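As they're listed, the protein sequences go chains H and D.
So for the first sequence, our numbering puts the first residue at 1; every next one is plus one.
So for the second sequence, our numbering puts the first residue at 1001; every next one is plus one.
Don't be surprised by glycine CBs; every beta carbon is placed ideally from N, CA and C.
Note that the coordinates shown come from a computational prediction; the quantities given were computed from them, not determined experimentally.
Structure, as structure tokens:
Protein chains: 2
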Amino acid sequence: MNILIKNVHVITGDANDIYHGINNIAIKDDIIYYIGKNIPENFIPNRVIKGNEFIAMPGLVNAHTHAMMVLMRNSADDLTLENWLFQNILPKEKNITKDIVKKGTMLGIAEMIKSGTTCFLDMYYEMDVVAKAVIESGMRANLSYGLMTCNQWQKGHEYAKAFCKDFHNEYNLANNGKLKTSIEAHSVYLCDEAMLRANADLAKELNSSIHIHLHETKFEVDESIKKTGLTPIKQCLKAGVLDVPVIAAHTIWVDDEDLIILKENNVTSVHTPSSNLKLASGIARVPDMLDSGINVAIGTDGAASNNMVDMFNEMRLTSLIHKGITLDPTVINAATTIQMATYNGAKALGFENLGLLKEGKKADLILVDTSCLNNIPLNNPASAIVYSSQGNNVDTVICNGDILMENREFLTIDEEKTIYEAKKASTLL
Amino acid sequence: MNILIKNVHVITGDANDIYHGINNIAIKDDIIYYIGKNIPENFIPNRVIKGNEFIAMPGLVNAHTHAMMVLMRNSADDLTLENWLFQNILPKEKNITKDIVKKGTMLGIAEMIKSGTTCFLDMYYEMDVVAKAVIESGMRANLSYGLMTCNQWQKGHEYAKAFCKDFHNEYNLANNGKLKTSIEAHSVYLCDEAMLRANADLAKELNSSIHIHLHETKFEVDESIKKTGLTPIKQCLKAGVLDVPVIAAHTIWVDDEDLIILKENNVTSVHTPSSNLKLASGIARVPDMLDSGINVAIGTDGAASNNMVDMFNEMRLTSLIHKGITLDPTVINAATTIQMATYNGAKALGFENLGLLKEGKKADLILVDTSCLNNIPLNNPASAIVYSSQGNNVDTVICNGDILMENREFLTIDEEKTIYEAKKASTLL
């Protein structure tokens, strides 16, 4: 399908070149074919969208979440981590079924699309039904399954490995390339060195990246040092995990040596500010990571600790909190945050040609309403995206050239049915 | 007018008794007449609202803002305080007129109502037109004017004093008691001891409270100590400012002695987390203030440093940030934050019988939609308000028994005209 968006503010996703003024955007099938003042000759649009009231920007990339956990939203707040996890989350997770995971994931996907996310990295159980939900929705995603989370571990290492390979073979690059798979190595506190190494070997064999929780709490780091003499990052280095591309959620409580290891091994750090604050995990050294050239993306984490999956919350918080902590109001400006939430995430998730609103790139983009009270007057489009917009201001979502939402109405998801089924599923947890 | 809201979740605004289940709410004129399972005998409603999908809670009280500054939204971000203030904000403020202030304030009021605020404390120039905007909108407000900000100071102290008194006499308790006035003593860096004392004397004479910026930056505190040997709080104590009720915005960089002074003098601290983070002012010791029994309210500050006037942002940030800083996830739970954003603010602003959704209290309340994706499933209404709701989820706003917004449509404000005029006014700054 060819789509023409006329006279729209263009935010690129490239921090060094963030705003391209008011232009027309021509989308040809799954590619951004043209951005400029004219309309390309011979370009016959099937759809024309008036862009006058909108900012166009790359679709947001939620680089670390557990989409299904929206079912546990607002169920366990203001609690210590132990109480949250052992008294609340884990008992609920004992009750999950494929059907519950599918319905919860659909609710999470719907909330993400409605708040402008077009691509996400997911880690949970029952990834095959997660994949089915993603395919139904038309979104782009990278789905992580590991030797321990495929629910086949009790049948032995080789069986679990074959299961993960089957999942990879079925879904990696599936659905017109909108799906990718990666290997989950949950964390150093759940994976011993042998398990870390086994997941790393599997990732190498499949040419996959690894998705891991790393340095989330001070306790995790202290225990790791106590047990092994190494920080979790150094444990990963030793076990060969960092030989493949790694997407590491959280990365709080890192020392300077850890930062050098992250940088030298091209590890992506995923900043999840709402969840890190809410669980009192701490605050990541994001300005230091950016200064040292580490690729930093942004994620919502699961809604059990957020309690939304709205990347606009995370963008605003990313720009605000590090100014407050460093007492420097110039750190992590709006353009930098936008790049973190788009291009840096796309790069981390292994999608090429994604995360930039530029000619030749994949047509994942969103239109953000500037006619709402909170965006008037529109003095600066990049500031408006980060500091005064909310997920609710997203009007239109396009993924791979297909419209997933327009005028806040879903085209691929039955919202009423999704809500009904998710509510019912949540009562079974 | 009598309004009946049927079968609605009731959040009270009292942290120790936050959730009252699903009930009917009967509003008689400006008072909450009944909350319970029944419908009072002889109560004949003019309007019946189905509450099934809603959480009812007290209208939010924005306890420190400069409403007009929405016109400067997104115009000066990621800058040092000096650059922000001297190169951007002050030059714009040289161009303000009564007309610009009125139109900017109307935009700010519209944004506040649309995000659930029913009452605010304002500090700016040209307060008479601010008062007119508030009256037109139907909102409740406390408006601050001081000897320096009434624009009559150049004519001498007595002239300015008479001007402030006239303003007080005209607007205090006006508009069915929905308006109150207070005395602005801007800050210790703009007011010397004589000016602080003159404002304090005027407040005493008028039986008013004082609204002040206090301990916003470390620089302010350091300079105060360098010049006078006293922290700004101690300067206020010495100048008699604390002899009247004081509403102090920010109160960052306080030592333990300052905290004792705030407590002993019943000073309200207004926490403005977005603005404090964005300007890199620092992070207030809110858990310590609450522990020592200080009344802490919440405000948005102006949109030039926020960049919204949406109290849902500030509630979420208040609950999140102090967990992250203290590394204790149990501090400032959802119920506490809700009380800060409602009852504590109402008390600070001098409105009696306000800020609680209980029988006999003033009928300022809002209905928050729970049928939106980000509030499904509704596991805990108080958590939903603080952690997963956004200003855009406010469906209905009632102030003093009058409906100001229903189904997100204004009843007292012409939204299109407000936006049109505000956009035009912003180009004149």
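Among A422(H), I398(H), L237(H), which has the Cα closest to the Cα of V188(H)? L237(H)
Going by alpha carbons, who is nearest to K1362(D) out of D1402(D), N1393(D), S1319(D)? D1402(D)
Over the uninterrupted beta strand (DSSP E) stretch that includes C1439(D), give me the two end residues. Not covered by the structure: residue 1439(D). The range shown for chain D is 1001 to 1429.
Identity of the residue in G146(H), M106(H), G138(H) nearest V130(H) by Cα: M106(H)
Residue interval of the alpha helix (DSSP H) (run including F1435(D)): Past the boundaries of the shown model lies residue 1435(D); chain D is included only from 1001 to 1429, so the question cannot be answered.
Quick test of the definition: if touching needs 3 or more C-beta pairs under 8 Å, does the stretch 1109–1121 of chain D touch the stretch 1059–1074 of chain D? yes
In this structure, does DSSP put L1429(D) in helix, strand or coil? coil
Tell me the DSSP bridge mates of M308(H)? Bridge partners of M308(H): none, in fact.
I'd like to confirm the pairing. Which residues does DSSP put opposite R1140(D) in its beta bridges? C1119(D)
Whether or not the stretch 245–257 of chain H and the stretch 215–226 of chain H are in contact is what I'm after, with contact meaning three or more pairs of Cβ atoms, one per stretch, closer than 8 Å; do they touch? yes
Can you tell me whether A303(H) is buried or exposed, with buried defined as 16 or more other CB within 10 angstroms of its CB? buried
Closer than 7 Å to chain D by CB, I11(H): no
Short CB-CB distance (under 7 Å) between A141(H) and chain D: no
V386(H) and I366(H): beta carbons closer than 7 Å? no
Please state the DSSP three-state secondary structure of T65(H). strand
Does the structure place the stretch 1328–1338 of chain D close enough to the stretch 269–281 of chain H that three or more beta carbon pairs sit under 8 Å? yes
May I ask which residues mark the beginning and end of the alpha helix (DSSP H) holding A1239(D)? Neither: A1239(D) is in no alpha helix (DSSP H) and is coded neither H nor E.
Heavy atom of the ligand FMN less than 6 Å from the Cβ of F1054(D), yes or no? The ligand content of the structure shown is nil, which means the ligand FMN is not present either.
Taking Cβ-Cβ distances shorter than 8 Å, what residues in chain D pair up with Q154(H)? Within chain D, no residue comes near Q154(H); the closest Cβ sits about 31 Å away, beyond 8 Å.
Under the three-state reduction of DSSP, which class applies to C399(H): helix, strand or coil? strand
Mind listing the chain H neighbours of P1287(D)? Cutoff is C-beta to C-beta under 9 Å, in chain order. Correct list: empty, because the minimum Cβ distance to chain H is about 12 Å.
Where do the N-terminal and C-terminal ends of the alpha helix (DSSP H) with H168(H) fall, by residue? 157–171
In chain D, which residues lie less than 7 Å from P91(H) when you measure between Cβ atoms? Ordered by position in chain D, no residue passes the 7 Å Cβ test against P91(H), which lies about 14 Å from the chain.
Would the stretch 95–109 of chain H count as touching the stretch 333–344 of chain H if we require 3 or more Cβ pairs under 8 Å? no
May I ask you to report which of helix, strand or coil DSSP gives L1317(D)? helix
Would you say K204(H) and V244(H) are within 7 Å of each other, going by their C-beta atoms? yes
Can you grab the Cα-Cα spacing for the pair P40(H) / L1411(D), in whole Å? 46 Å
Please list the residues of the stretch 108–136 of chain H that have a C-beta atom closer than 7 Å to any C-beta atom in chain D, keeping them in chain order. A110, E111, K114
I want to verify the contact list: residues of chain H whose CB lies under 7 Å from the CB of S1075(D), in sequence order. N379, N380
Mind listing, in chain order, the continuous alpha helix (DSSP H) runs of no fewer than 4 residues lying wholly within the stretch 191–250 of chain H? 193–206, 218–228, 232–238
Residues of chain H with CB closer than 9 Å to the CB of C1282(D), please, in chain order. Correcting the residue identity first, residue 1282(D) is Gly in this sequence and not Cys. Correct list: G324, L327.
Does the pairing of the stretch 184–198 of chain H with the stretch 142–158 of chain H give three or more beta-carbon distances under 8 Å? yes
Could you spell out the range, first to last residue, of the beta strand (DSSP E) harbouring T268(H)? 268–271
Closer than 8 Å is the cut-off here; do at least three beta carbon pairs connect the stretch 1075–1092 of chain D with the stretch 1032–1048 of chain D? no
Measure the CB-CB distance between A248(H) and L214(H) and report whether it falls below 7 Å. yes
Pairwise C-alpha distance: A425(H) and E416(H): 14 Å
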